[in-house]
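Participant: Numbering (the numbering used here), first residue to last: 120 to 182.
No residue lacks a Cβ here, since even glycine has one placed at the ideal position from N, Cα and C.
None of these values were measured; they are calculated from a predicted model.
#1: Measure from the alpha carbon of residue 137 to the alpha carbon of each residue in 120, 162, 168 and 173, then state which is nearest.
#2: Where does residue 124 land, buried or exposed, given buried means 16+ other C-beta within 10 angstroms?
#3: Using only the alpha-carbon positions, how far apart do residue 171 and residue 121 sit?
#4: Should residue 155 and residue 135 be called a contact, given that it needs their Cβ atoms to be closer than 8 Å?
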């Protein structure tokens with residue numbers, strides 16, 4: 120698996136994932152908040168399956 124999630128995208132995924140999981144655990148939002156686990160996972164791995172399918176990448180290009 121080649122990394123396809125760049126720096127800012129990764130940080131946003133991790134933060135949003137943690138926020139959604141926290142809100143779900145606290146009972147503020149429903150079970151849909153567990154989608155945050157997917158965001159957290161893709162942010163930590165640095166790889167997103169839909170990005171790979173569509174050939175999209177937010178990683179900076181190396182010269």
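Facilitator: Reading from the atomic positions:
#1: Ranking 120, 162, 168 and 173 by CA distance to the CA of residue 137 puts 162 first.
#2: Residue environment: residue 124 is assigned as buried (16 or more neighbouring CB atoms within 10 Å of its CB, all protein chains considered).
#3: Approximately 9 Å, taken between the alpha carbons.
#4: Contact annotation: residue 155 and residue 135 have beta-carbon atoms nearer than 8 Å.
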